[in-house]
Amino acid sequence: MPVITVGTARIPYRVVGDGPDTLVLVHGTGPGSAMWDGLLDSFTDRWTVLLPDLSGSAAAEDDGGPLALEALAAQVAAVIEDAGCGPADVLGFSLGAVVATATAALHPGRVRRLVAAAGWISAEQDEYLRLSMATWLSLADHPAAFGGYATLTAFSPGFLDRIGRAAVQANTAYMRPTPGTLRHIALNLGLDLGPLLPRVQAPALVIGCSQDATVPVENARRLHAALPGSAYAEFDTGHIVLAEQTGAFTGAVRDFLVAA
1 MPVITVGTAR
11 IPYRVVGDGP
21 DTLVLVHGTG
31 PGSAMWDGLL
41 DSFTDRWTVL
51 LPDLSGSAAA
61 EDDGGPLALE
71 ALAAQVAAVI
81 EDAGCGPADV
91 LGFSLGAVVA
101 TATAALHPGR
111 VRRLVAAAGW
121 ISAEQDEYLR
131 LSMATWLSLA
141 DHPAAFGGYA
151 TLTAFSPGFL
161 DRIGRAAVQA
171 NTAYMRPTPG
181 TLRHIALNLG
191 LDLGPLLPRV
201 QAPALVIGCS
211 QDATVPVENA
221 RRLHAALPGS
231 AYAEFDTGHI
241 VLAEQTGAFT
251 GAVRDFLVAA
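Letter by letter, the sequence shown follows residues 1 to 260 in the UniProt record's numbering.
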């Protein structure tokens with residue numbers, strides 16, 4: 001697995017597939033790029049897929065200090081450069097959507113097309129989002145409650161009922177209050193993507209989730225409105241649309257990337 005140094009961080013990334021185009025999958029809050037593993041077969045026929053593990057993820061190494069949006073965007077851009085196959089299509093989910101959008105703004109030569117799923121501009125624009133993230137962060141000393149809160153807000157009620165108790169418990173155990181995850185949540189609270197949005201040049205698709213209890217869908221709609229010319233798709237799911245409607249989600253992403 002390639003590992004690159006970006007500032008004080010050592011960032012590993014995986015390369016999957018050998019398609020003619022390049023797609024970077026940018027993970028959200030939590031352990032890292034493994035969140036994308038169930039979707040890889042949907043993209044590797046056409047794209048060489050790059051999966052970086054950014055600062056705060058389990059596999060990255062850095063100085064442990066507070067995270068900055070610009071630093072994570074620089075890590076994504078550096079992975080594209082190191083792989084030697086840019087400009088790339090970039091798909092980000094949740095915090096990854098914010099990072100992907102910042103990458104398009106700060107490193108326009110590295111990003112060909114942008115997909116931002118379940119993202120936001122600033123928690124200061126949404127009191128629910130601000131309070132939700134602050135509440136989640138306050139549960140750091142209570143791992144079971146921390147994981148339970150993450151699961152409760154990540155999925156729609158109907159989806160939780162469909163997957164059943166064992167799967168719900170497995171999801172609860174997945175999200176742990178590691179130092180890196182807590183740094184991600186702190187970044188979620190403090191970041192402001194707004195000043196960067198006028199610099200985004202890449203064609204963009206913004207995806208919202210109508211039952212999102214982590215990042216209310218109004219945030220995705222606001223991001224779409226702030227990116228003139230962007231396309232918008234909305235799914236009737238909770239936050240983790242890629243789990244609740246995998247086929248429809250990957251189909252919408254593919255359709256946009258192929259047509260854009």
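Even glycine gets a Cβ: it sits at the ideal position worked out from N, Cα and C.
- Secondary structure of ASP37 (DSSP, three-state): helix.
- Using a 10 angstroms sphere on the CB of HIS142, the tally of other CB atoms stays under 16, which defines it as exposed.
- Residue ranges of uninterrupted beta strand (DSSP E) with 3 or more members, entirely inside the region 27-112 and ordered along the chain, are 47-52, 88-93.
- For ASP18, the closest C-alpha among the options MET1, TRP36, THR48, ALA34 is that of THR48.
- When secondary structure is reduced to three states using DSSP, GLY208 falls in the strand class.
- Taken atom to atom, the span from the alpha-carbon of HIS107 to that of ALA166 is near 43 Å.
- A distance of 8 Å or more separates the beta carbons of ARG110 and ALA60.
- In the same chain as PRO179, and ignoring 5 residues on each side of it, the C-beta atoms closer than 7 Å to its own belong to GLY64, in chain order.
- For ILE185, the enclosing alpha helix (DSSP H) has its first and last residue at 179-190.
- In this structure, the straight-line span from the alpha carbon of PRO2 to that of ARG14 is close to 7 Å.
- In the DSSP assignment, PRO12 falls within the beta strand (DSSP E) that extends over 9-16.
- Inter-residue distance for ARG46 and LEU139 is about 42 Å (C-alpha atoms, whole angstroms).
- DSSP places GLU218 in the uninterrupted alpha helix (DSSP H) bounded by 217-225.
- THR237 carries a coil assignment under DSSP once its states are collapsed to helix, strand and coil.
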